[in-house]
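Read the structure below first, then the notes.
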DNA sequence: AAATCCAGAGAACAGTTGTTAACTGGATGA
DNA sequence: TCATCCAGTTAACAACTGTTCTCTGGATTT
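Protein chains in written order, with my numbering: chain A, -18 to 189; chain B, -18 to 189.
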């Protein structure tokens, strides 16, 4: 299926990726709405006008970043929620997975947390759509669980959203704690685990 | 205690407030990190240099906005969490109160949601501190409840943070739904109520 | 009444921004 | 091989930015 790109297409994609990478780097200390097109091209080492060969505008680049940050995460979500062991182990595994992802892609996580409510509407919309997809997928996985017997579709979706939001909160906490001591990071793990556990307990007694 | 201000001090405070109001208005369509000092003074109708009589910089103004948006909210939080009726009524009351606050101060709510993870560190810090204060206060109120018997201090605080984050998520949902139909807004109420209920159920069975 | 203060105005600065148009030169396809 | 394409360049534009220094005139204090 994958067609080998010509020299020209390959070089173009390389520049495009460099623009995305540079933007992501610059966004560690500012918001997308203050990111300048010249700033990005300067960081890459390319002429300002070259930007237009790849993106219509900065918001357009932002939407591409959303896709890069969240698009490839869907399979990961599904397998994480699925894992059918006892729920205590499952929680620990999920937290660990979040921590690992934050460590591996801190800039991506920061970007999503920052721009989810940021000043650029097309980007907010793109993030909202991706998170809604996550929630749908989590809902589908939850539905397979025998503990979901008797649950309405609406209630499954509200629980799924609760889980998704909680994942984001946890990821953001890990991000803030990245420069902290191992002790502080362990506290984050503890708090996040207990919050997840409390939600799971609520889920278990929902139909009482 | 309150000393009547002289004409000069009064006029100065008026200009300062006008700067804060104008900034808050401009921030509905962008982030603080892209807000310009000249942009703000232009909106107020004063010379750019007048800005420096009130704030050292834009981040400084942002910190003042955090105080304005959250500083006066502490008593409200306490009384809301306190209300000692049955928990179903309490949840409905809390949701209603959040909805009312979002309707009354949408720009403040948007600002907090946007800048909590925004690109300006001093502002992020100020918001984090205020939310941590909220969590402490919620913890204190929860501790008074007989349902909290046997709870550790740490667990009370983690539950308080869960509640505070949930309030913010709910507020943000109401904000997004402001332009929507009454039906959509009602759906937000339903989902938020159920999420709060699920957390309360988890709380109730925490010590099992 | 006179001296002091100080919020705001005005002008000027060096740098920055997004966008346009016309170009170059190597990859591409006939 | 030769004509076409197109990613990236160069130059120029009007508009904008934060910050400095100097000045003004009404409120405040003595």
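Cβ atoms here follow ideal geometry from the backbone N, Cα and C, with glycine treated the same way.
1) Just to confirm the assignment, what range does the alpha helix (DSSP H) spanning residue 8 of chain B have?
2) Quick one: residues in its chain with C-beta nearer than 8 Å to the C-beta of residue 88 of chain A, no 5 flanking neighbours on either side, listed in chain order?
3) Assuming residue 170 of chain A contacts residue 72 of chain A under a Cβ cut-off of 8 Å, what Cβ separation, rounded to an integer in Å, is found between them?
4) Under 8 Å, do residue 145 of chain B and residue 104 of chain B count as touching if we go by C-beta distance?
5) Any beta carbon of chain A sitting closer than 8 Å to that of residue 131 of chain B?
6) Taking the beta carbon of residue 177 of chain B as the centre, do at least 16 other beta carbons fall within 10 Å, making it buried, or is it exposed?
7) For residue 114 of chain A, return the contacting residues in chain B, with the cut-off set at a CB-CB distance below 8 Å.
8) From B/40, B/19, B/39, pick the residue whose C-alpha is nearest to that of residue 30 of chain B; which is it?
9) So, is residue 131 of chain B buried or exposed, given that buried needs 16 or more other C-beta atoms within 10 angstroms?
10) When Cβ atoms are compared, which residues of the stretch 135 to 150 of chain A fall closer than 9 Å to chain B?
11) Less than 8 Å between the beta carbons of residue 43 of chain A and residue 95 of chain B, yes or no?
12) Distance check for residue 102 of chain A and residue 54 of chain A, CA to CA, integer angstroms please.
13) Using the Cα positions of residue 37 of chain A and residue 36 of chain B, report the straight-line distance between them to the nearest angstrom.
14) Could you tell me the alpha carbon to alpha carbon distance between residue -15 of chain A and residue 24 of chain A, rounded to whole angstroms?
15) With 9 Å as the C-beta to C-beta threshold (strictly closer), list the residues of the stretch 1 to 29 of chain B near chain A in chain order.
16) Output yes if chain A places a C-beta closer than 8 Å to the C-beta of residue 89 of chain B; else output no.
17) In angstroms, rounded to a whole number, what distance separates the CA positions of residue 135 of chain A and residue 14 of chain B?
18) Taking a contact to mean a Cβ-Cβ separation below 8 Å, would you say residue 166 of chain B touches residue 158 of chain B in this structure?
19) Using only CA atoms, which one of A/175, A/60, A/149 lies nearest to residue 118 of chain A?
20) Given this structure, state the Cα-to-Cα distance separating residue 51 of chain B from residue 124 of chain A, to the nearest angstrom.
21) How is residue 114 of chain B classed by DSSP in three states: helix, strand or coil?
22) Taking Cβ positions only, does residue 94 of chain A come closer than 8 Å to chain B?
23) Check whether the Cβ atoms of residue 153 of chain B and residue 12 of chain A sit closer than 8 Å, and answer yes or no.
24) Expressed to the nearest angstrom, what Euclidean distance is found between the alpha-carbon atoms of residue 49 of chain B and residue 93 of chain B?
25) Taking 8 Å as the CB-CB limit, is residue 176 of chain A close to chain B?
26) Would a C-beta distance cut-off of 8 Å place residue 79 of chain A and residue 162 of chain A closer than the cut-off?
27) Applying a beta-carbon distance threshold of less than 8 Å, which residues of chain B neighbour residue 186 of chain A?
28) Evaluate residue 128 of chain B with the Cβ neighbour count: other Cβ atoms within 10 Å of its Cβ, from every protein chain shown; 16 or more gives buried, anything less gives exposed.
29) Curious, which full-length alpha helix (DSSP H) runs of at least 4 residues does the stretch 95 to 177 of chain B contain?
30) Hey, does residue 197 of chain A have any beta-carbon neighbour from chain B nearer than 8 Å?
31) Under a CB-based cut-off of 8 Å, is residue 47 of chain B close to chain A?
32) Verify the CB distance criterion: does residue 53 of chain A have a CB-CB separation below 8 Å to chain B?
33) Given a threshold of 16 other Cβ atoms within 10 Å of its Cβ, counted over all protein chains shown, does residue 186 of chain B qualify as buried or as exposed?
34) Give the range of the alpha helix (DSSP H) segment to which residue 30 of chain B is assigned.
35) Check the Cβ of residue 153 of chain B against every Cβ in chain A and list those closer than 7 Å, keeping chain order.
Considering the structure as presented:
1) Segment: none, residue 8 of chain B is in no alpha helix (DSSP H) and carries neither H nor E.
2) Leaving aside the five residues that flank residue 88 of chain A on each side, the residues in its chain whose CB is nearer than 8 Å to its CB run, in chain order, 5, 6, 8, 9.
3) With a contact defined as Cβ atoms closer than 8 Å, residue 170 of chain A and residue 72 of chain A miss out at about 11 Å.
4) Taking the C-beta atoms as reference points, residue 104 of chain B is found no nearer than 8 Å to residue 145 of chain B.
5) No, residue 131 of chain B lies away from the interface with chain A (no Cβ there is under 8 Å from its Cβ).
6) Label assigned to residue 177 of chain B: buried.
7) Scanning chain B for C-beta atoms nearer than 8 Å to the C-beta of residue 114 of chain A yields nothing, as the closest lies near 17 Å away.
8) Looking at the Cα atoms, B/19 is the closest of the given residues.
9) Counting Cβ neighbours within 10 Å, residue 131 of chain B comes out exposed, since fewer than 16 surround it.
10) Per Cβ criterion, the list reads 135, 136, 138, 139, 140, 142, 143, 146, 147, 150.
11) No, the pair does not count as a contact, with Cβ atoms beyond the cut-off.
12) Distance between the alpha carbons of residue 54 of chain A and residue 102 of chain A is about 22 Å.
13) So the two alpha carbons sit approximately 36 Å from each other.
14) When rounded, the distance between both Cα atoms is 29 Å.
15) Hits within the stretch, in order: 8, 9, 10, 11, 12, 13, 14, 15, 16.
16) No, no contact with chain A.
17) Taking the straight line joining both Cα atoms gives about 38 Å.
18) Going by C-beta atoms, residue 166 of chain B is nearer than 8 Å to residue 158 of chain B.
19) Minimum Cα distance to residue 118 of chain A is reached at A/60.
20) Whole-angstrom Cα-Cα distance: 39 Å.
21) Three-state result, residue 114 of chain B: helix.
22) Yes, residue 94 of chain A counts as interfacial toward chain B.
23) It is not a contact, given that the beta carbons lie outside the stated cut-off.
24) The C-alpha of residue 93 of chain B is placed about 11 Å away from the C-alpha of residue 49 of chain B.
25) Look at residue 176 of chain A: its C-beta is under 8 Å from a C-beta on chain B.
26) Contact check for residue 79 of chain A against residue 162 of chain A fails: the beta carbons are separated by 8 Å or more.
27) Annotation: Cβ neighbours of residue 186 of chain A in chain B (cutoff 8 Å, chain order): 182, 183, 185, 186.
28) By the neighbour-count rule (16 or more Cβ atoms within 10 Å), residue 128 of chain B is not buried but exposed.
29) With a minimum length of 4 residues, the continuous alpha helix (DSSP H) runs that stay inside the stretch 95 to 177 of chain B are 102 to 125, 134 to 157.
30) Past the edges of chain A, shown from -18 to 189, lies residue 197 of chain A, and the structure says nothing about it.
31) Not one beta carbon of chain A lies nearer than 8 Å to the beta carbon of residue 47 of chain B.
32) No, because no Cβ of chain B sits closer than 8 Å to the Cβ of residue 53 of chain A.
33) Counting Cβ neighbours within 10 Å, residue 186 of chain B comes out exposed, since fewer than 16 surround it.
34) Taken as a continuous stretch (DSSP letters only), residue 30 of chain B belongs to no alpha helix (DSSP H), as it is neither H nor E.
35) Within 7 Å Cβ-Cβ: 98.
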